[in-house]
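Taking it in order: structure first as C-alpha cells, then the write-up.
Numbering (my numbering), first residue to last: 1 to 458.
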C-alpha cells in the first residue's frame with residue numbers, strides 16, 4: 001500500500017456509488033462527527049462510522065483498485081458508509097496516518113490472496129508432467145461428455161413441455177404457467193443449463209405480471225426463442241463456430257477467463273457509460289457497459305457474487321479507464337474479460353458518444369437480434385423528446401419515430417427496480433435528453449444521462 005493516488009473529485013466519488021439513493025445517504029454521513037479512527041496511507045483509506053448498532057461500522061477502501069470492505073449488512077456495493085468516507089477524503093477531511101488494525105488486516109489479506117492465486121497459477125502451469133496433463137485432459141473430456149448428455153436430456157424435456165403447451169392452447173392454464181415455468185427452471189439447473197433456468201424464471205415473472213392478449217403475445221415470443229435455442233443445441237455440430245459459441249453462452253456454459261485473456265485484446269480508453277445490478281435468488285450480478293473512444297466498440301463487464309457477498313465492477317459510470325479488454329467468443333458477443341490488476345480511472349470528460357435517432361436505435365436492436373437471436377439487451381445512446389404515451393408509459397420521440405422507455409426487472413422478477421419513464425421524468429431538466437441505456441425487445445431501459453461530455457447515472 002506504499003503507492004499513492006490522486007485524491008478523487010466529488011464527481012468521481014458520485015460515479016463510484018451504485019445508485020442515487022446511496023449518494024444521498026452518503027452525503028448525510030459525510031460529516032466528521034459520526035466518524036472516528038479515520039486515516040489514509042498510500043492507497044488505503046479507513047474509518048469507523050457510528051451506526052444504529054452497538055459497534056461502529058468499520059470501513060476499509062483500496063482507492064487504487066478500487067475495492068471496498070464495510071461491516072454493515074447492506075447489499076449495495078459500495079455502501080453508503082464507504083461512499084461517505086470517500087466524500088470526506090475527497091474534501092481533504094481524512095489525514096494521513098498509520099492504518100488501523102482492521103484496515104491493515106484487510107489489506108494484508110487481499111495481498112495474500114493475490115500472491116497465493118499467482119503462485120497457484122504458476123505452479124499449475126509448470127509443475128505437471130506430460131502424463132498428468134494428459135490425464136487431466138482425458139478427465140475433462142469425460143466430464144464434458146457426461147455434461148452434454150445431461151444437458152441434452154434436460155433440453156429435450158423442455159422442448160416436449162413447450163410442444164404440450166402449444167397443443168393444449170396457450171390461452172389455457174395461464175394462471176398456472178408461471179409456477180410451471182419456475183418448477184421447470186429448477187429441473188434445468190439439475191440438467192446443468194443455468195442460462196435456460198434463468199431465462200425461465202425471468203419469463204415466469206414477466207408473464208405473471210401481464211394479462212390477456214399481452215400475456216399470450218409475450219408467451220409466444222419467449223417460447224419461440226426457447227424452442228430455437230433447443231434446436232440450435234441439438235444441431236450444434238453443424239453450426240458455424242461463432243454461432244455455436246453464442247448458443248453455449250446462452251445455455252450457461254462458461255468459458256475460462258484465462259482462455260479469453262489468451263486471445264488478442266483491444267486496447268483503448270474506455271468510457272464507463274452505465275451499469276445496473278441484477279439480483280436473482282442468491283446470485284447478484286452487476287452489468288457495466290463500456291465504450292471505446294478510439295475503437296468505437298461497446299463492451300460488457302460482468303461481476304458476480306453469491307449469498308450476502310456483493311457484486312462489484314472495477315469500473316464506475318462517469319469515469320474512463322485505460323485498459324486492454326478481451327472479448328468472449330460468440331457471434332455478437334459483447335462480454336469482455338480484464339487482466340488482473342488495478343484499473344486507473346479518471347473522470348469522463350469530452351465524451352462524444354454515438355447518438356442514435358429512434359429509427360436507428362430500432363435498427364441497431366434488429367441488427368443485434370440478427371447476430372444473436374437470444375440477446376436480451378444491447379447498449380445504446382438515444383436522443384429524443386421526452387413525452388408520455390399514456391398514463392403508464394413514456395417514450396423518446398423524434399422526427400424518425402418513437403422509442404418506448406422500458407422498466408428494468410426487479411430482484412427475483414419482482415416489481416421493476418427501474419421505472420424507466422418516471423425515473424427519467426424526475427431526473428432531467430430538458431425536454432430532449434440524451435439517454436444511455438439498454439435496448440430491449442420492450443424498449444430502452446434508461447440508465448444514465450449524457451451531459452456536458454460526461455455521464456450522470458440515474
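Note that CB positions come from ideal geometry on N, CA and C, so glycine has one too.
Apart from the 5 residues on each side of it in sequence, residue 7 sits with its Cβ closer than 8 Å to the Cβ of 89, 90 and 92 in its chain, given in chain order. Secondary structure note for residue 368: its alpha helix (DSSP H) is the uninterrupted segment 358-371. Inside the segment 24-87, DSSP marks whole beta strand (DSSP E) runs of 3 or more residues at positions 35-41, 44-49, 57-62 and 67-70, from first to last along the chain.
Distance check between residue 85 and each of 301, 236, 26 and 358 places 26 closest, using alpha-carbon atoms only. Leaving aside the five residues that flank residue 266 on each side, the residues in its chain whose CB is nearer than 6 Å to its CB run, in chain order, 295 and 325. In the structure shown, residue 196 falls within a helical segment according to DSSP collapsed to helix, strand and coil.
In this structure residue 440 is buried. Its beta-carbon is surrounded by 16 or more other beta-carbon atoms within 10 angstroms.
The beta carbons of residue 447 and residue 406 sit no closer together than 8 Å.
Taking C-alpha positions only, residue 365 is separated from residue 398 by approximately 17 Å. Residue 368 and residue 116 have their C-alpha atoms some 41 Å from each other. Under the three-state reduction of DSSP, residue 300 is assigned to strand. DSSP links residue 219 through a beta bridge to no other residue. DSSP lists 439 as the beta-bridge partner residues of residue 378. Contact between the segment 256-276 and the segment 335-344 is present: three or more C-beta pairs spanning the two stretches fall below 8 Å.
Within the DSSP secondary-structure output, residue 267 pairs in a beta bridge with 324.
Here the segment 219-234 does not lie against the segment 278-293, with fewer than 3 beta-carbon pairs under 8 Å apart. The segment 203-265 contains, as complete alpha helix (DSSP H) runs of 4+ residues, the segments 212-234, 241-251 and 257-261 (chain order).
Only buried fits residue 377, as 16 or more other CB atoms lie within 10 angstroms of its CB. Assigned with DSSP and collapsed to three states, residue 12 falls in helix. Remark: fewer than three beta-carbon pairs, one from each stretch, lie closer than 8 Å, so the segment 130-148 and the segment 100-110 are not flagged as touching.
Pairing residue 250 with residue 162, the inter-Cα distance amounts to about 18 Å.
Residue 161 carries a helical assignment under DSSP once its states are collapsed to helix, strand and coil.
By the C-beta criterion, the segment 34-52 is judged not to be in contact with the segment 11-26, since fewer than 3 inter-stretch pairs fall below 8 Å. Looking from the CA of residue 455, the closest CA among 350, 374, 370 and 386 belongs to 350.
Boundaries of the alpha helix (DSSP H) around residue 186: 177-190. Between residue 158 and residue 188, the CB-CB gap stays under 8 Å.
When DSSP states are grouped into helix, strand and coil, residue 317 belongs to the coil group. Nearest to residue 41 by alpha-carbon distance, out of 52, 61 and 31, is 61.
Counting only the Cα atoms, residue 312 lies some 15 Å from residue 13.
Residues 244 and 247 of the same chain have their beta carbon placed closer than 7 Å to that of residue 236, with the five preceding and five following residues left out of the count. Annotation: the continuous beta strand (DSSP E) that includes residue 283 extends over 283-292. Remark: C-beta atoms of residue 82 and residue 59 approach each other more closely than 8 Å. In the three-state DSSP reduction, residue 400 falls in the coil class, being neither helix nor strand.
Distances from the CA of residue 204 to each of 43, 182 and 172 were compared; the closest alpha carbon is that of 182.
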